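Student:
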Amino acid sequence: MTKELSNKVINIKPSGIRKFFDLVSEMKDVISLGVGEPDFDTPWHIRDEGIYAFEKGRTFYTSNSGLKDLRFEISNYINRTQNISYNPDSEILVTVGGSEAIDIGIRALVNNGDEVIIPQPSYVSYEPCAILANAKPVIVNLQAKNQFRLTAEELQKAVTPRTKLLILPFPNNPTGSIMEKDDLEKIAEVIIDNDIYVMSDEIYSELTYNGKHVSIASLPKMKERTILINGFSKSYAMTGWRLGYACAPKEIVKQMLKIHQFAIMCAPTTSQYAAVEAIKNGDDDVAQMRQAYNQRRRFLINAFKEMNLPCFEPFGAFYVFPCIKEFGMTSEEFATKLLQEEKVAAIPGSAFGESGEGYLRISYAYSLDNLKSAMIRLNNYVNRLRK
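Residues 666 to 1052 in our numbering are what the sequence shown spells out, letter by letter.
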């Protein structure tokens, strides 16, 4: 049967995140710190709007681009948070999560053999999406000494005449690293000088803990060459609602829309009505969740210090990325034995690219009680290894 299937798909490795998720589902009494999903319920006023949409029978297709009211509110949101103006009629597309926006954005831009620069460690879907679009992924290995930020020198070194697109995954999953305005300005110079595009995945933009997130699209001459990706999953605890969006120049959105309308038709209608409420009236909810995440972040950083486990301080998303190289094990071996011996699930850093080897991704999108129990178990495990 295999010979009849696509070699391109067969050769793509399954997600390393899902592998550990499946293992955890078969075990009892496991503290899982592996999945990047908020432990908060979707705020009630947002759920209520979804329920109201059902009660009113709003279960029809929306326009392919998404509800006009939602696109209008997305435009307002980007304007008030980043001072960028997007036309809701032609420069915004509502998608099934940020993941769909990433996929169709790459497919709309690249031709066979074009190169897509992907900094790693980073979210697991970028490289497969580039491969499925018949592009060539060019990996830039981010370094701990730079706090896992992309430098202009690293980017310039990776650029060739075939480079079409840079993926800019900040705030970063899995490292929690961020890019500040000074960093982005240097990156923008390289992008403009080499006439390439950038896909800025800003799904964690509201979850930053050291000042305000800055979008590269807000810098001079960058809006016209940027696809800005965002969504509702992380900021508003709406993962299962499956709703994201892309903001980009109208000619790019026009091509993305073609793929979207033939593959998807439109994003879930009920989710879109709920999202209007979220983006209009959800700022306080986001602030409360961000405060809770920040408390958990500080607790974990302190816990790693106490157990002498090296970990740079992350200022974005809800992940920490401690280094486990001292134990002479691969990150998958470390994570597997931690799960078997202490029933704590974390994701091997290698699941996010080769440069993630020797690290462990721990999510703090879990209660403080769970995190405290998990750190006791991790400390016991680490102490045994050091004996």
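By construction, the Cβ of each residue, glycine as well, lies at the ideal position given by its N, Cα and C atoms. None of these values were measured; they are calculated from a predicted model.
Look up residue 1008 in the DSSP assignment and say whether it is helix, strand or coil.
Tutor: Three-state result, residue 1008: coil.
Student: Within 10 angstroms of its Cβ, does residue 814 collect 16 or more other Cβ (buried), or is it exposed?
Tutor: With 16 or more Cβ atoms within 10 Å of its Cβ, residue 814 is classed as buried.
Student: Going residue by residue through the stretch 769 to 848, where are the continuous alpha helix (DSSP H) segments of at least 4 residues, counting only ones entirely within it?
Tutor: DSSP runs (the alpha helix (DSSP H)) wholly in the stretch 769 to 848: 791 to 797, 817 to 823.
Student: Under DSSP, the beta strand (DSSP E) around residue 634 begins and ends at which residues?
Tutor: The structure shown has nothing for residue 634, since the chain only spans 666 to 1052.
Student: Measuring CA to CA, which of 1011, 1041, 1033, 737 is closest to residue 972?
Tutor: Looking at the Cα atoms, 1041 is the closest of the given residues.
Student: Taking Cβ positions, are residue 1030 and residue 704 nearer each other than 8 Å?
Tutor: Yes, the pair counts as a contact, with Cβ atoms nearer than the cut-off.
Student: Between which two residues does the alpha helix (DSSP H) carrying residue 864 extend?
Tutor: No alpha helix (DSSP H) contains residue 864, which is instead part of the beta strand (DSSP E) from 862 to 866.
Student: Locate the alpha helix (DSSP H) running through residue 759, then write down its first and last residues.
Tutor: Careful: residue 759 lies outside any alpha helix (DSSP H), inside the beta strand (DSSP E) at 757 to 760.
Student: List, from N- to C-terminal side, the beta strand (DSSP E) runs of 3 residues or more that fit wholly inside the stretch 936 to 1003.
Tutor: DSSP runs (the beta strand (DSSP E)) wholly in the stretch 936 to 1003: none.
Student: Can you tell which of 980, 713, 760, 1050 has the C-alpha that lies nearest to the C-alpha of residue 875?
Tutor: Checking every option, the nearest Cα to that of residue 875 belongs to 980.
Student: Within the continuous beta strand (DSSP E) that includes residue 893, where are the two ends?
Tutor: Here the beta strand (DSSP E) through residue 893 covers 891 to 896.
Student: Considering only DSSP beta bridges, list what residue 912 is partnered with.
Tutor: Looking at the DSSP assignment, residue 912 forms a beta bridge with 757, 893.
Student: Which residues in the same chain as residue 887 place their Cβ atom closer than 6 Å to its Cβ, once the five residues preceding and following it in sequence are excluded?
Tutor: Same-chain partners within the cutoff: 853, 881.
Student: Taking all protein chains shown into account, decide if residue 921 is buried (16 or more other Cβ within 10 angstroms of its Cβ) or exposed.
Tutor: By the 10 Å Cβ count, residue 921 comes out buried.
Student: What are the start and end residues of the beta strand (DSSP E) that includes residue 1025?
Tutor: It spans 1025 to 1028 - the beta strand (DSSP E) in which residue 1025 sits, taken as one unbroken run.
Student: Quick check on residue 873: does DSSP put it in helix, strand or coil?
Tutor: Residue 873 falls in the strand class under three-state DSSP.
Student: Does the beta-carbon of residue 670 have 16 or more other beta-carbons within 10 angstroms, so that it is buried, or is it exposed?
Tutor: With fewer than 16 other Cβ atoms within 10 Å, it is exposed.
Student: Three or more beta-carbon pairs under 8 Å between the stretch 736 to 752 and the stretch 949 to 962, yes or no?
Tutor: With the cut-off at 8 Å, the stretch 736 to 752 and the stretch 949 to 962 do not touch.
Student: Less than 8 Å between the beta carbons of residue 1022 and residue 1038, yes or no?
Tutor: No. Outside cutoff.
Student: CB residue 626 to CB residue 868, shorter than 8 Å?
Tutor: Absent from the structure is residue 626, since the part of the chain shown begins at 666 and ends at 1052.
Student: What do you reckon, are the CB atoms on residue 806 and residue 1019 nearer than 8 Å?
Tutor: Yes, these two residues count as a Cβ contact at 8 Å.
Student: Residues in its own chain within less than 6 Å of residue 903 by CB, not counting five upstream and five downstream?
Tutor: The answer, listed in chain order, is 707, 897.
Student: Can you tell me which of 758, 729, 1015 puts its alpha carbon nearest to the alpha carbon of residue 926?
Tutor: The residue with the shortest Cα to Cα distance from residue 926 is 729.
Student: Note down the Cα distance separating residue 1012 from residue 721, rounded to an integer number of angstroms.
Tutor: For residue 1012 and residue 721, the distance between alpha carbons rounds to 42 Å.
Student: Below 8 Å between beta carbons: does that hold for residue 1015 and residue 984?
Tutor: Result no, Cβ atoms of residue 1015 and residue 984 do not sit closer than 8 Å.
Student: Judging by CA-CA distance, which residue of 954, 992, 893, 835 is the nearest neighbour of residue 848?
Tutor: That would be 835, whose Cα lies nearest to the Cα of residue 848.
Student: Nearest to residue 804 by alpha carbon, out of 780, 810, 827?
Tutor: Selected option, being the one with the closest Cα: 780.
Student: Mind checking who residue 1013 pairs with in its DSSP beta bridge?
Tutor: Paired residues: 1025.
Student: Check the C-beta distance from residue 1010 over to residue 698 and give it rounded, since I have them as a contact under 8 Å.
Tutor: Rounded, the Cβ-Cβ distance is 6 Å, consistent with contact.
Student: Kindly indicate which residue of 939, 914, 891 has the alpha-carbon position closest to the one of residue 907.
Tutor: Checking every option, the nearest Cα to that of residue 907 belongs to 939.
Student: If you compare alpha carbons, which of 846, 905, 826, 895 is closest to residue 740?
Tutor: Looking at the Cα atoms, 895 is the closest of the given residues.
Student: For residue 837, which option in 827, 872, 846, 1005 has the closest C-alpha, if you only look at C-alpha atoms?
Tutor: Out of 827, 872, 846, 1005, 872 has the C-alpha closest to the C-alpha of residue 837.
Student: When you compare only the Cα positions, how much space is there between residue 831 and residue 731?
Tutor: Rounded to whole angstroms, residue 831 to residue 731 spans 26 Å at the Cα level.
Student: Go ahead and pull the three-state DSSP assignment for residue 1034.
Tutor: Residue 1034 falls in the helix class under three-state DSSP.
Student: Report the CB separation of residue 1025 from residue 992 in whole angstroms; it is logged as a contact under 8 Å.
Tutor: Contact flag wrong, Cβ pair sits at about 10 Å.
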